[in-house]
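**Q** Just dropping this structure here.
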Amino acid sequence: MADIISLHDAVKQFVSDGDTVALEGFTHLIPTAAGHEIIRQGKKDLTLVRMTPDLVYDQLIGAGCARKLIFSWGGNPGVGSLHRLRDAVEKQWPQPLEIEEHSHADLANAYVAGASGLPFAVLRAYAGSDLPKVNPLIKTVTCPFTGEVLAAVPAVRPDVTVIHAQKADRKGNVLLWGILGVQKEAALAAKRCIVTVEEIVDDLQAPMNACVLPTWALSAVCHVPGGAHPSYAHGYTERDNVFYQAWDPIARDRETFTAWINEYIHGTANFSEFQAKLARALEAK
Amino acid sequence: MTYSTNEMMTVAAARRLKNGSVCFVGIGLPSKAANLARLTSSPDVVLIYESGPIGAKPNVLPLSIGDGELAETADTVVSTSEIFRYWLQGGRVDVGFLGAAQVDRFGNINTTVVGDYHQPKVRLPGAGGAPEIAGSAKSVLIILKQSARSFVDKLDFITSVGHGEGGDSRKRLGLPGAGPVGIITDLCTMEPEAQTNEFVVTALHPGVTREQVIAATGWAIRFADNVQQTAAPTDVELTALRDLEARTALAHGQAPGEA
C-alpha cells in the first residue's frame, strides 16, 4: 500500500545516497517537484536513468546529485542543449559524470524487461551503429530458433522510480492518461515508486483498460499540484514554454545556475513556495 | 507566389510522402513536412510519433515530441515501449522521416558527438529513436539544411545507419528496411545511386546551381545523369504551409517558422 505523505517525507524515506533513480516522463508529466526535493535534501552519488533527460536532470546534475547518467536523448526539447549536462561531460563540473548511452528503443525495452523481472531485453537494434562501441553493455544474443543475431541490453531496475500523474484516490491508486511514455514500465521495474499527483479524489472514475497503477504496487503518493512544471499535465496544466526558453541562459553559466539553485531550490521549503517565488519573479518583470 | 529556400525544402519533402503510408515522424523539420503532406497531397497519411500517438492530426505543429496536441488528435495513444516494439519493430512503418545534425554520402546519420566521443568538441542530444527507425522502417527520408558542415566526408560517429559503407552493406548487416531513399535539402534532392548506394543529386530546386551544391557538400558530390528541376511550390502548398506556421506561432506565441 502506498502511503499518502508529503513529498519531503517520501524523498527522505525512499531515496538514499547512491541509489539508481529514474524520474520518468516523455515531455509530459515530468516529476520536476520531486527532482527539486532531491536537490533540496542534498542526495548524492545518484545514478540517474531517463530516456529523455531534460531540465530537471540538468538541475540535478549541476547541483552535484549525480555520479552517472543512463539515457538515450538529452536536450532541452524545442530549445537546445542541456548546458549543465554538457559541462559535466565535457569539463567534469561540478564533478565527473559517467554516461551510459542507449537508444530509445533499447531503454524502452530495458524498462519492459525490468518490469517483467527479466535480466535483459532483446531487440532488433544497433546493427551498423557506433553506439555499441562506446557502450560495452550493448551486446548481442543469437536467437536459438532462427539464428538471427539480436541486440541484448541489461534490464533497467531502478531502486526508485518517480513519476507524476493526474489523479490518485484516497487509498493511493493512481490514474494517468495522455502521453504515457514509459512511466508504467518504469514504475513497475523499480523496487520503490513515488508518484506525485495533481489531485486526490474520492473515486478515480477510471475507464476500463485505463492506465491505473494500484496502490499496492507503489510506495508513496504525494499531492503536488503543478508538480510537472514546466512540462504539462494533460487536462490540468499547460507546458510553460517560456520557462524552457528561460532555462537556457540560466544554465549556460555556472554562476547564474548556482545562484538560481540557491534562490529557487535551497531558498524554498517546498514546491508550493518555489511556485510562489517563481510567480513573484515573473510579476516583477 | 515567391518563396524561401526553407519553404522549398519542406514542400519537396512533403511531396515524397505517399497518401496512405504509415510514417514515423521525427520532431522539427520532419514533423513540419509530414504535416504539410497530410494537409495537401496526402490526407490519409498516418503519422506516428515516438512518444505514443498513432494517427496524429495536429492542428498546430508540436513544440516537443510529446505535446498534448498530438495525443488529442491521434487515433490512439500507446506507450513508448509499444511504439517501438509492436509498431516499428513489428514492421508496420512504411517511412521513417528523420532529421540529422550530420549526414554522409551513404545516408548514415550522426546525432551524438562532433569530435571524439570521450572528448567531444560538441556534445549533441544523442540517438533518441533514430537508430531503430533507420533500421526497421521500410524506407527512410532525411531532411536537413545543406552545408559543408552538415554534409561531411566522414562522420565522427555513426548514430543511425543508412547504407553503411555503401553497396550491399545494409543487407550484410541484416537490417530489415531498405534504408534512406531520399535526402531533401534547401538546395536539392539526393537519392542513392543503383549498386553503390551513394547519394547523388537527382533534382535541383529552382534557381540553384551545381556549384552551390558542390560548395555546400563536404564530399565530392556527384550528379545523376538526368538531373531534374524540382517543381516550384504551388500556391496551394505555400498557403497550407504558411497557414500551418501562422497557426503554430499563434498557439505557441512565437515567430512563424520557429517551430
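Residue numbers (UniProt numbering), protein chains in the order written: chain A, 1 to 285; chain B, 1 to 259.
Here a beta-carbon is modelled for each residue, glycine too, at the ideal position from N, C-alpha and C.
Quick check: what's the CA-CA separation for G174 of chain B versus V49 of chain A?
**A** In a straight line, the C-alpha of G174 of chain B is about 30 Å away from that of V49 of chain A.
**Q** Please name the residue in A:T237, A:N173, A:G80 and A:P158 whose C-alpha comes closest to that of A115 of chain A.
**A** Among A:T237, A:N173, A:G80 and A:P158, the Cα nearest to that of A115 of chain A belongs to A:P158.
**Q** If you reduce the DSSP assignment to three classes, tell me which class E132 of chain B lands in.
**A** Reduced to three states, the DSSP call for E132 of chain B is helix.
**Q** Thinking C-alpha only, which one of B:S81, B:V22 and B:S51 is nearest L70 of chain B?
**A** Out of B:S81, B:V22 and B:S51, B:S51 has the C-alpha closest to the C-alpha of L70 of chain B.
**Q** Need the endpoints of the beta strand (DSSP E) that L48 of chain A sits in, please.
**A** Here the beta strand (DSSP E) through L48 of chain A covers L46 to R50.
**Q** Is G172 of chain A near A2 of chain A, with beta carbons less than 9 Å apart?
**A** Going by C-beta atoms, G172 of chain A is nearer than 9 Å to A2 of chain A.
**Q** Touching or not, the region 9-24 of chain B and the region 137-151 of chain B, by the rule of three or more beta carbon pairs under 8 Å?
**A** Yes, they touch.
**Q** In whole angstroms, what separates the C-alpha of V156 of chain A from that of Y111 of chain A?
**A** Computed Cα separation, rounded: 5 Å.
**Q** Using a cut-off of 8 Å between C-beta atoms, extract the partners of E101 of chain A located in chain B.
**A** Chain B residues near E101 of chain A: T112, G126 and A127.
**Q** What first and last residue would you give for the alpha helix (DSSP H) that runs through R192 of chain A?
**A** Where R192 of chain A is concerned, there is no enclosing alpha helix (DSSP H), although the beta strand (DSSP E) it sits in stretches over R192 to V201.
**Q** Bridge partners for N110 of chain B per DSSP, in chain order?
**A** Beta-bridge pairing links N110 of chain B to B:Q102.
**Q** Identify which residue in A:I261, A:V141 and A:L131 has its Cα closest to the Cα of S160 of chain B.
**A** Of the listed residues, the one whose Cα sits closest to S160 of chain B is A:L131.
**Q** Can you check whether the CB of L23 of chain A is closer than 9 Å to the CB of I61 of chain A?
**A** Cβ distance not < 9 Å, so I61 of chain A and L23 of chain A don't count as in contact.
**Q** Should W247 of chain A be labelled buried (16 or more other beta-carbon atoms within 10 Å of its own) or exposed?
**A** Buried is the call here.
**Q** Within this structure, are the beta carbons of G126 of chain B and P176 of chain B separated by less than 9 Å?
**A** No, these two residues do not count as a Cβ contact at 9 Å.
**Q** Check for me: the beta strand (DSSP E) holding N226 of chain B runs from which residue to which?
**A** Run containing N226 of chain B: F223 to Q229, per the beta strand (DSSP E) assignment.
**Q** Please report how far the alpha carbon of T268 of chain A lies from the alpha carbon of F274 of chain A, in whole angstroms.
**A** When rounded, the distance between both Cα atoms is 6 Å.
**Q** D87 of chain A lies in the alpha helix (DSSP H); which residues open and close that run?
**A** Element bounds for D87 of chain A: H83 to K91.
**Q** With a threshold of 9 Å between beta carbons, is R239 of chain A in contact with chain B?
**A** Chain B contact via Cβ: present.
**Q** What three-state label does DSSP hand I4 of chain A in the structure shown?
**A** Three-state result, I4 of chain A: strand.
**Q** Give the residues of chain A in contact with R123 of chain B, contact being defined as C-beta atoms less than 7 Å apart.
**A** The answer, in chain order, is R86, V89 and E90.
**Q** Report yes or no: do the region 149-156 of chain B and the region 137-155 of chain A share at least 3 C-beta pairs separated by less than 8 Å?
**A** Not touching, per the Cβ criterion.
**Q** So, with DSSP's three-state summary, where would you put G68 of chain B?
**A** Reduced to three states, the DSSP call for G68 of chain B is helix.
**Q** With a cut-off of 8 Å on the beta carbons, I'd call L47 of chain B and A56 of chain B a contact; round off their distance for me.
**A** Correct: roughly 5 Å between the Cβ atoms.
**Q** What do you reckon, are the CB atoms on H163 of chain B and N110 of chain B nearer than 9 Å?
**A** Not closer than 9 Å, so no.
**Q** If you follow the alpha helix (DSSP H) that A232 of chain B is part of, which residue opens it and which one closes it?
**A** Unbroken run through A232 of chain B: none, as it is neither H nor E.
**Q** Would you kindly work out how many angstroms separate the C-alpha atoms of V15 of chain A and I38 of chain A, rounded to a whole number?
**A** Roughly 8 Å between the two C-alpha positions.
**Q** Anyone know if the C-beta pair for L97 of chain A and A251 of chain A falls short of 9 Å?
**A** Not a contact, by the Cβ cut-off of 9 Å.
**Q** Tell me, please, whether the CB atom of F71 of chain A is closer than 9 Å to any CB atom in chain B?
**A** Chain B, which has a Cβ nearer than 9 Å to the Cβ of F71 of chain A, makes this yes.
**Q** Does the beta-carbon of E238 of chain A have 16 or more other beta-carbons within 10 angstroms, so that it is buried, or is it exposed?
**A** Exposed, because fewer than 16 other Cβ atoms sit within 10 Å of the Cβ of E238 of chain A.
**Q** Is G74 of chain A buried or exposed, if buried means 16 or more other CB atoms sit within 10 Å of its CB?
**A** Buried: at least 16 other Cβ atoms inside 10 Å.
**Q** Nearest by alpha-carbon distance to V113 of chain B: which of B:S150, B:T185, B:S64 and B:G207 is it?
**A** The option with the nearest alpha carbon to V113 of chain B is B:S150.
**Q** Could you name the residues of the region 25-43 of chain A whose beta carbon sits closer than 7 Å to any beta carbon of chain B, in the order they occur along the chain?
**A** Going along the region 25-43 of chain A in chain order, one finds F26, T27 and H28 with a Cβ nearer than 7 Å to chain B.
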